[in-house]
Structure formats: C-alpha cells, structure tokens
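Here the structure is laid out as structure tokens; the discussion comes afterwards.
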Amino acid sequence: MIETERLLLRGWTDADRAPFHAMANDPRVMAYIGPLQSRAESDAGIDRQRAFQAGHGHCFWALERREDGAFLGFCGLKPGAAGTPIAGDIEIGWRLATEHWGQGYAREAAAASLAWGWQHLAASSIAAITVEANARSWGLMERLGMQRVPDGDFDHPTAIPALRRHRTYRIHRP
6 MIETERLLLR GWTDADRAPF HAMANDPRVM AYIGPLQSRA ESDAGIDRQR AFQAGHGHCF
66 WALERREDGA FLGFCGLKPG AAGTPIAGDI EIGWRLATEH WGQGYAREAA AASLAWGWQH
126 LAASSIAAIT VEANARSWGL MERLGMQRVP DGDFDHPTAI PALRRHRTYR IHRP
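The opening position of the sequence shown corresponds to residue 6 in the working numbering, with each subsequent residue numbered one higher.
Have a look at this one:
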C-alpha cells in the first residue's frame, strides 16, 4: 500500500467491482478509452490488475481517499502492453471517476507511483501512453516531468479505430 497525504493506493478488493463498473459505464470516463463496458469486462479489468500484482508486485492499484474510504479510480504501474512501443517497459497509468476530476488526485497518486517505482524497481525509465486527443492525460504526463517521445506515436493494436492513434511519454530515473 502507498499512502499520500490524501490517498491510499492499494490492492483491489471485491468491494471495488461495483464502483469500477460505474466508471466503466460513464461516457466521460471512457471517452478516450473505448466503449462502455459490461460488468464482466470491468471485472476482468480488475482481475488483470490482480494478476499483475501477483506476478510483478505492482499494478494499476485501486485509489481510495483516506478521509472517507471513497473509491476514486486507479493509478499505478504495470508492464507495458504488448504490441506497443512500451512493451517490456514499466507503464504508469490512471483513471478517476468524473466526480473526482480536477482536485489533484491523479497528480498526487501518479507522483507517489513514480516515487514507489524508483524505490522498488530497477527500471531506467517509466512510460505512459494516451490518445492524442486526451489533453488532460498528456498534460498531466508533462506536469509530472514526462517527455513526449518524438518518434513514439503509434496506432494502438487493441483500440477502436477512432481512438487508435496514441502518444508515448517517458520519464527517466532521477
């Protein structure tokens, strides 16, 4: 578990399934990710993160507000997706429910995830990817000190056609 002033980044529990599914059915949350998801699809996403945690010791962790235990979304580190320029790298990612946007939670959680990665992993860099149109996401990447990889734009192999074009960002070990 990672603790910040306001947040806990922790392993996933079955209690996270309903609020995560609600996020996966919010058109604003999913605007740059893909179609709305069935309960089985969102549950499979949690199961994938649990498998990453078991196999690698890290994942996109569940994100909880410390003051009241509210589920906010996720943030963390996982292996980069196959078929992308970050395959084999460590990827940082985040997704928050819309009611938690604009409060600095994503930046706080991402900074804590990066710090954890530098302390616990031997990676020389950490990467992130996002859809070109998702200025909020790549803007946070830049605020975190990540740099856009000049030749890192690519068509994501599993994205729907409208969301296929992605940017790659990277930050090197301090």
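Don't be surprised by glycine CBs; every beta carbon is placed ideally from N, CA and C.
What you are looking at is a predicted structure, and each value in this text was computed from that prediction instead of being measured.
Item	Value
Where P84 falls: helix, strand or coil (DSSP)	strand
Helix, strand or coil at V154 [DSSP, three-state]	coil
Proximal residues to G122 (C-beta, below 7 Å), its chain only, five neighbours per side dropped	L82, I95, A128, I131
Inter-stretch contact at 8 Å, needing at least 3 Cβ pairs: the segment 139-157 / the segment 42-52	no
Separation of D52 from D156, as counted between CA atoms	33 Å
Assigned secondary structure, R169 (DSSP; H/G/I helix, E/B strand, else coil)	coil
Rounded distance between the beta-carbons of T173 and D158, thought under 8 Å	7 Å
N- and C-terminal bounds of the alpha helix (DSSP H) containing A59	44-61
Beta bridge counterpart(s) of L101 as assigned by DSSP	G78
Start-to-end residues for the beta strand (DSSP E) that takes in R70	65-70
Unbroken alpha helix (DSSP H) run spanning S118, endpoints	110-125
Straight-line gap, Y37 to A67 (C-alpha atoms, nearest Å)	20 Å
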